[in-house]
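Chemist: Pasting a structure here, questions to come.
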Ligand SMILES: Nc1ncnc2c1ncn2[C@@H]1O[C@H](COP(=O)(O)OP(=O)(O)O)[C@@H](O)[C@H]1O
Ligand code: SF4
Ligand SMILES: [Mg+2]
């Protein structure tokens, strides 16, 4: 087994919208070493969930057209992709899906041995993403037995209650008898976290696990998650738009803008408030945070807009764009060890 | 789309500190009790509606209702006292009789025979036909829906499936006509070719032997739009169930996917089947009338043709009772299958 | 929930096949529509009630589809039947729409009391098998098609009401109605403009299409079965035309039975396909 928990290369995803194919993720590249905590930062709509769910074969929509490779624990889950999908990247997103249902089945078959045991997912919205037909206790017991432990009925039940207690829940007996729709959003989210950790996975993929929680609980649970993951030498792939969490926990971070990674590298290089950002978008993120904390005037308007087909995705907002930015898409290029950046203009930004 | 049926809209089940299965059974029992009351109210309403429709007629048809309901007086006397009662009084007297199983006596169909005697054997004959027809319809619809959603996207295959359900646009009476005419032609041809002797039941009508009975079930399952409707609704129900967001969590935890899809599918499918019963009962009337087979549908049609109101109303009420009871059972099953339908306090 | 429908892993149908279905449906309705128009403007080739041709005469230049066993022009009768059915059919739609809208709106927006009352009314109507109720009315009304179709319309009121209710539920879930109310939009406007027109339009139209299919089915079935319940000779109906010609199979005169049968089937098919297409349109927009 390789020492890479997750290795994504050139991942491009087209989704079928009402107006036709739309590129949601564009040539994403990430390597997550074993035992690390890797944060994927990006505003909502930038395609974070899409990346995660496509790699896991869980996308609730038609996964559209995908190209690239994704290795999870050394296993290339997109290996059979070319058999089912043909991508014509020459011009506008046109593509031929040979057999989408076959593809869905195949990726599920590939995932079957790992899913729920070696790799788990904390979904973005636990209230809708968890099974509505099972009680919380039942789900937890299933997760615990997914880890391969041989436990008796009573032990399983006790262990499930313990997991609820670890998630700072009270009245665990009653909670474990309830269905997910009978829980509040925060409770459901904590149950989802417990479910993902209970099966003792090698990789936990957390899709904005703390969005629905209040501030105190958020920090607490993130810390808990991190310590559990570290104790087990597992890998945490943390999808978030919460820079604090990324700063505290992560070893490495990638910044996603409109489906493209614009900067990636060690967290202390990218998210350090004293760091002089190299990419204008990263600068924008950090500067917004600084202004928010200092009560200074905020930026006007939103940065999210559907990117142009060619050239740099950030060109519409970028103050230092040059002619080349509109014509060619900048690729991630090394910038010191392990630090990569996608921008045509060299040098620090401001 | 799931435009839910006119079942009770909010299922409120009590939640106590009990084990899950105990809680479920308790909840279902209380739901059943409440639905029973609702059913009785609805059935009273149905009888009132039937009575009022009859009463609204310019003729004196409604007076037939009282005819012979009580055996102690002669029919004329009964009719006279009935006519002299107020509207509400007439309704109550009739309802009293109906509840005690006295539907009056037939006026034209089999003059003087108690309606209950006519209805009972007819009911069982028709019930078998109806249940088999609905079951086959649901089975074929499920098959077609599953294939078109989960299996091949080959256009030829899809066209075949589409054509299959399009055959259901043909009305039941045309199918019956084709069946009888075709069957007769076949037998006549065979006899002319000396392949076989002319059977005893040649030419019309066919008797409800097994083979004709099976064809009748098939006609019920397909004709009058049954199959098309089933396929379409089941397809949309399945699509929702299989594409629901909770499948992310289900797949992620390695929970059995078919079971979850089935549980999500069941309540909607059952409520659709129960909505369909009303239509299939209509097809049943046409089928039995066209074939001349004895049954509730045949009775209803003959009664309407001969203006035999006690029989017609009895048949209608009996069908309404059966329909409501099935609806209730389906609703309970659906609630047991899907916890989200149990709104908790 | 609402969002997840659009991006379902199992898209209902491809765009082209949906429009194909709608197109086929509309084409199926053309012959009947032609008949209605022809009869309305007096363009029928012959008088549908006159015995003018030879009995069971085959197709000729004079009689395009031949004559029935009594020597009446088949095409004229076919078209006249469509025209004769149209006003009662329209009445069925009007009855279903008005009853359904009144009861549906009262049920979902009328507060506790009126809600319960109208819900009860709808359940009562739904608990009686549609065809049997129609039989009752047909028996009483002595086969007057106007009353029969009014009854068919009334039995479809629950379907219309259900469409309205599910619309209201969806809009409620999205806190739409409350928001509108808080903006001071009048209730009448919300009901008619936003709920009925803006949201439930497709479903109601689809239900009306399936009502038309059912109305035609009921009329032809009753007329075929006879028993003085459906349309009576000499007034033409596709149902009684088949009934008259049904023994033709044994004498080799297939046309007078088969042509009305085809007309019935394709017209019902047309209504169903158009209704289905509308539903799918709605499912996509939802
Ligand atoms: N099933 C789908 N079909 C088509 N487009 C989708 C689908 N799901 C998401 N999208 C689009 O993909 C983009 C990325 O969405 P998502 O991955 O959910 O973003 P994030 O998780 O970063 O908030 C969005 O612009 C969204 O509109
Ligand atoms: S590539 Fe050009 S447009 Fe893009 S961020 Fe760099 S300077 Fe701005
Ligand atoms: Mg997301």
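Chains as they are written, first to last, in my numbering: chain V, 962 to 1311; chain P, 235 to 579; chain Y, 139 to 424.
For each residue, glycine too, the CB sits at the ideal point set by N, CA and C.
Is residue 1005 of chain V near ligand 1, with its Cβ less than 8 Å from a heavy atom?
Modeler: Within the cutoff, so yes.
Chemist: Grab me the residues of residue 476 of chain Y's own chain with a C-beta within less than 6 Å of its C-beta, minus the 5 sequence neighbours each way, in chain order.
Modeler: In this structure chain Y extends from 139 to 424, so residue 476 of chain Y is not present and cannot be described.
Chemist: For residue 505 of chain P, which residues in chain Y fall below 9 Å Cβ to Cβ?
Modeler: Neighbours of residue 505 of chain P on chain Y: none; closest Cβ ~11 Å, over 9 Å.
Chemist: Roughly how far, in whole angstroms, is the beta-carbon of residue 1218 of chain V from the beta-carbon of residue 1274 of chain V, given that I think they are within contact range, below 8 Å?
Modeler: The pair is a contact, with the Cβ atoms about 6 Å apart (cut-off 8 Å).
Chemist: Quick one: what's got a C-beta closer than 6 Å to residue 395 of chain P's C-beta in the same chain, skipping five residues either side?
Modeler: Within the same chain, residue 395 of chain P has close Cβ partners 378 and 382.
Chemist: Would residue 1029 of chain V pass as a contact of residue 1196 of chain V if the rule is Cβ separation under 9 Å?
Modeler: No, these two residues do not count as a Cβ contact at 9 Å.
Chemist: Residue 509 of chain P and residue 460 of chain P: beta carbons closer than 9 Å?
Modeler: No, the pair does not count as a contact, with Cβ atoms beyond the cut-off.
Chemist: Kindly say whether residue 1093 of chain V, judged by its beta-carbon, lies nearer than 9 Å to any beta-carbon of chain P.
Modeler: Closer than 9 Å: yes.
Chemist: In whole angstroms, what separates the C-alpha of residue 287 of chain P from that of residue 259 of chain Y?
Modeler: Taking the straight line from one Cα to the other gives about 14 Å.
Chemist: Decide if the stretch 537 to 545 of chain P is in contact with the stretch 364 to 376 of chain P; the criterion is three or more beta carbon pairs, one per stretch, under 8 Å apart.
Modeler: As far as the Cβ criterion goes, the stretch 537 to 545 of chain P does not touch the stretch 364 to 376 of chain P, which means the pair count is below three.
Chemist: Show which residues of chain V have a CB atom less than 7 Å away from the CB atom of residue 480 of chain P.
Modeler: Within chain V, the residues near residue 480 of chain P are 1089, 1090, 1091, 1092 and 1093.
Chemist: Less than 6 Å between C-beta atoms, sequence neighbours within five positions excluded: which residues of the same chain meet that for residue 294 of chain Y?
Modeler: So the qualifying residues of the chain are 234 and 349.
Chemist: In chain P, what lies closer than 9 Å to residue 365 of chain Y by C-beta?
Modeler: Result: 523, 535, 536, 538, 539 and 540.
Chemist: How long is the line joining the alpha carbons of residue 1211 of chain V and residue 1120 of chain V, rounded to whole angstroms?
Modeler: One C-alpha to the other measures close to 29 Å.
Chemist: To the nearest angstrom, how far is it from the Cα of residue 570 of chain P to the Cα of residue 1080 of chain V?
Modeler: Residue 570 of chain P and residue 1080 of chain V: Cα-Cα distance of roughly 33 Å.
Chemist: Distance check for residue 1245 of chain V and residue 1307 of chain V, CA to CA, integer angstroms please.
Modeler: Looking at the two C-alpha atoms, the distance is approximately 17 Å.
Chemist: Where do the ends of the beta strand (DSSP E) carrying residue 1270 of chain V lie?
Modeler: First-last for residue 1270 of chain V: undefined, no H or E at that position.
Chemist: Which stretch, first to last residue, makes up the alpha helix (DSSP H) that contains residue 1306 of chain V?
Modeler: Here residue 1306 of chain V belongs to no alpha helix (DSSP H), and DSSP marks it neither H nor E.
Chemist: What do you get for residue 515 of chain P, buried or exposed, if any count of 16 or more other CB atoms within 10 angstroms of its CB means buried?
Modeler: Per the 10 Å Cβ criterion, buried.
Chemist: Taking the beta carbon of residue 1240 of chain V as the centre, do at least 16 other beta carbons fall within 10 Å, making it buried, or is it exposed?
Modeler: So residue 1240 of chain V counts as buried.
Chemist: Please tell me whether residue 427 of chain Y and residue 419 of chain P are closer than 9 Å, where the distance is taken between their beta carbons.
Modeler: Outside the displayed range of chain Y (139 to 424) lies residue 427 of chain Y, so it cannot be described from this structure.
Chemist: Where does the unbroken beta strand (DSSP E) through residue 1227 of chain V begin, and where does it stop?
Modeler: Looking at the DSSP string, the run of the beta strand (DSSP E) that includes residue 1227 of chain V is 1221 to 1227.
Chemist: Flag this pair as yes or no: are the beta carbons of residue 1109 of chain V and residue 485 of chain P separated by less than 9 Å?
Modeler: Result no, Cβ atoms of residue 1109 of chain V and residue 485 of chain P do not sit closer than 9 Å.
Chemist: To the nearest angstrom, how far is the alpha carbon of residue 424 of chain P from that of residue 506 of chain P?
Modeler: Each residue's Cα considered, the two are about 44 Å apart.
Chemist: Determine the direct distance from the alpha carbon of residue 1033 of chain V to that of residue 998 of chain V, and round the result to whole angstroms.
Modeler: Cα to Cα, the separation comes out at about 15 Å.
Chemist: Taking 9 Å as the CB-CB cut-off, is residue 379 of chain P touching chain V?
Modeler: Taking Cβ atoms only, chain V never reaches closer than 9 Å to residue 379 of chain P, which makes this a no.
Chemist: Tell me, please, whether the CB atom of residue 526 of chain P is closer than 9 Å to any CB atom in chain V?
Modeler: No, because no Cβ of chain V sits closer than 9 Å to the Cβ of residue 526 of chain P.
Chemist: Hey, which unbroken runs of the beta strand (DSSP E) at 3 residues or more fall wholly within the stretch 1067 to 1130 of chain V?
Modeler: Those beta strand (DSSP E) runs which fall completely within the stretch 1067 to 1130 of chain V and span 3+ residues are 1080 to 1083.
Chemist: Which partner residues does residue 1198 of chain V have in the DSSP bridge list?
Modeler: DSSP, once it has assigned bridges, lists V/999 and V/1166 as partnering residue 1198 of chain V.
Chemist: Looking at the secondary structure, which residues open and close the alpha helix (DSSP H) in which residue 381 of chain Y lies?
Modeler: Residue 381 of chain Y -> alpha helix (DSSP H) spans 376 to 383.
Chemist: Considering Cα atoms alone, identify which of V/965, V/1114, V/1086 and V/1232 is closest to residue 1205 of chain V.
Modeler: Considering only alpha carbons, the answer is V/1232.
Chemist: Can a CB atom of chain P be found closer than 9 Å to the CB of residue 1014 of chain V?
Modeler: By this cut-off, residue 1014 of chain V is an interface position.
Chemist: Ends of the alpha helix (DSSP H) at residue 1218 of chain V?
Modeler: Per DSSP, residue 1218 of chain V belongs to no alpha helix (DSSP H); it is in the beta strand (DSSP E), 1213 to 1218.
Chemist: Hey, would you say residue 220 of chain Y sits closer than 9 Å to residue 177 of chain Y, going by beta carbons?
Modeler: Yes, the Cβ-Cβ distance between residue 220 of chain Y and residue 177 of chain Y is below 9 Å.
Chemist: Between residue 419 of chain Y and the rest of its own chain, which residues show a CB-CB distance below 6 Å, the 5 nearest in sequence each way excluded?
Modeler: Same-chain partners within the cutoff: 340.
Chemist: For residue 489 of chain P, which residues in chain V fall below 7 Å Cβ to Cβ?
Modeler: Per Cβ cutoff of 7 Å: 1092 and 1103.
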